[in-house]
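For the record, the sequence lines run as chains A and V. Counted from 1, the first sequence has number 33 at position 44 by our numbering; the numbering is strictly sequential. Counted from 1, the second sequence has number 28 at position 39 by our numbering; the numbering is strictly sequential. For glycine and all other residues, C-beta sits at the position ideal for the given N, C-alpha and C. Here the structure comes first, spelled out in structure tokens, and everything after it is commentary.
Number of protein chains: 2
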Amino acid sequence: MAEAQSAAKSGETLLYLTDEQLRQGAEAMFFAYRGFTADPDRILTGLSYGRAHHRALHFIHGAPGTTVNNLLNILGVTKQSLNRVLRTLIEDGLVESKVGRTDKRERHLYLTEAGEALERELSDAQRARMRAAFRQAGPEAVAGFRRVLEAMMDPEMRRQFARLREGRG
Amino acid sequence: MAEAQSAAKSGETLLYLTDEQLRQGAEAMFFAYRGFTADPDRILTGLSYGRAHHRALHFIHGAPGTTVNNLLNILGVTKQSLNRVLRTLIEDGLVESKVGRTDKRERHLYLTEAGEALERELSDAQRARMRAAFRQAGPEAVAGFRRVLEAMMDPEMRRQFARLREGRG
DNA sequence: CTTGGAATGTCAACAAGGCTGACGTAAACT
DNA sequence: AGTTTACGTCAGCCTTGTTGACATTCCAAG
């Protein structure tokens, strides 16, 4: 049985993908994701924070003034789940929540100085590893990496991703 | 603007990586991993199983007869955590645990017929998405994807990964 | 041969962080 | 005025990670 073949974009790009190749891809994804989160996780343990806090800080940093609802869509969790995390961050003075001017139902979220500091610490740790990996693999590999990751997202998430990318140039 | 330039593999590999590029890489990783696990997760909800069960089934399938300790090293969790998952799988007749012949302390793990069936179902779902992503991105992108992921792993995990790959050809 | 430690695996209890459901409040919309 | 939207919160559940205590088995030193 011819398992996987396609003519891709141009011409006859036949692409045979064995189950074994796909298994290896899946395992690579698993191990790499562990590495990807390992450094910030290490920093967070002992601060009574977890990966969920990192994610919130990351996306608030990237889109200051975003609303709770917006963050919910990006993170793909329930508001109860997000709220627990957000509450502790606000209590600890890392995140500020401002009532919306035009729509007073909305809360706009911003990082405080302390929040920015922690976000930077976490992201720096994560970026150091990514930078090393990108350098080691080379620019063409990085382009391929990005292409595959985008193709692997849910379409909805791909739109979110594109929107975030545009929003920051 | 030439953001990332290099002389590729040989020679002067100059590679400028802005923080913004690295942020995008991190976000791509986050969204893609969600997509990567979405399909098997959907199957598992309602079966009182979770992602941890999938991982156990996956690696037992790939290395039949492996010991609990071995699995521990691959999965990177505590033995207590793994044991809970393993116990339910054994109770439900998906995994068989045989006392070691030479060393009776060890338990060798095998998938039963039912275990193989569920593993196949989960992996098929995951592979379908990966296959689509790989096809869409093209073979060169896939090669780059693999290179970056390997570079992103902890060295210890990279060794594990290589060992698994060899073990299956 | 015995004994003490190391290795392997099991049981119990707890915490983080997902989830659903229900409810309340304030603001906006129609 | 009534409905919908955005947000917060309480209560309770599940999965899956953690540490601590314990049983069994093996092995090596005395």
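Jot down the residue ranges of each uninterrupted alpha helix (DSSP H) in the region 80 to 110 of chain A, minimum 4 residues, whole runs only, in chain order. none
Over what stretch of residues does the alpha helix (DSSP H) that includes V:G14 continue unbroken? For the purposes of this step, residue 14 of chain V is identified with residue 25 of the second sequence, where counting begins at 1. Note, V:G14: alpha helix (DSSP H), 8 to 33.
Against chain V, which members of the region 104 to 135 of chain A pass a CB distance test of less than 8 Å? S112, Q115, R116, R118, M119, R120, A121, A122, F123, R124, Q125, A126, G127, P128, E129, A130, V131, A132, G133, F134, R135
At 7 Å on the CB atoms, spell out the chain V contacts of A:V66, in chain order. Counting from one through the first sequence, the residue named residue 66 of chain A turns up at place 77. Going along chain V, no residue has its Cβ under 7 Å from A:V66, so there is no contact; the nearest lies around 11 Å.
Does any residue of chain V bring its CB to less than 7 Å from the CB of A:Y99? What you label residue 99 of chain A is simply residue 110 of the first sequence in a count that begins at 1. Cβ-Cβ to chain V under 7 Å: no for A:Y99.
Near-chain V residues of the region 14 to 29 of chain A (beta-carbon distance less than 7 Å), N- to C-terminal order: G14, A15, E16, A17, M18, F20, A21, Y22, R23, G24, F25, A27
Residues near V:T67 by beta carbon distance below 8 Å, same chain, minus five either side: The residue given as residue 67 of chain V occupies position 78 in the second sequence. Hits under 8 Å: L61.
Counting pairs of Cβ atoms below 8 Å between the region 136 to 155 of chain A and the region 101 to 119 of chain A, do you hit three or more? no
Cutoff 7 Å: A:L6 Cβ touching any chain V Cβ: Here residue 6 of chain A refers to the residue found at position 17 of the first sequence. Yes, its Cβ sits closer than 7 Å to a Cβ of chain V.
Below 8 Å, can you find three or more Cβ-Cβ pairs linking the region 122 to 130 of chain A to the region 127 to 142 of chain V? yes
Closer than 7 Å, CB to CB, is A:A45 near chain V or not? Residue 45 of chain A sits at position 56 when you count from the first residue of the first sequence. For A:A45, the answer is no, since every Cβ of chain V falls outside 7 Å of its Cβ.
Just to confirm my understanding: we take V:G51, look at its own chain, exclude 5 residues before and 5 after, and list those with CB closer than 7 Å. What are they? Locating residue 51 of chain V in the second sequence gives position 62, where the first residue counts as 1. Result list for V:G51: L153, R157, in chain order.
Limits of the alpha helix (DSSP H) - the one that V:A130 falls within: Position 141 of the second sequence, counted from the start, is the residue given in the question as residue 130 of chain V. Unbroken alpha helix (DSSP H) run through V:A130: 128 to 141.
Does DSSP classify A:T55 as helix, strand or coil? Taking the first sequence and counting its residues from 1, the one referred to as residue 55 of chain A is at position 66. Three-state result, A:T55: strand.
May I ask you to report which of helix, strand or coil DSSP gives V:L61? Locating residue 61 of chain V in the second sequence gives position 72, counting from the first residue. In this structure, V:L61 counts as helix in the three-state DSSP scheme.
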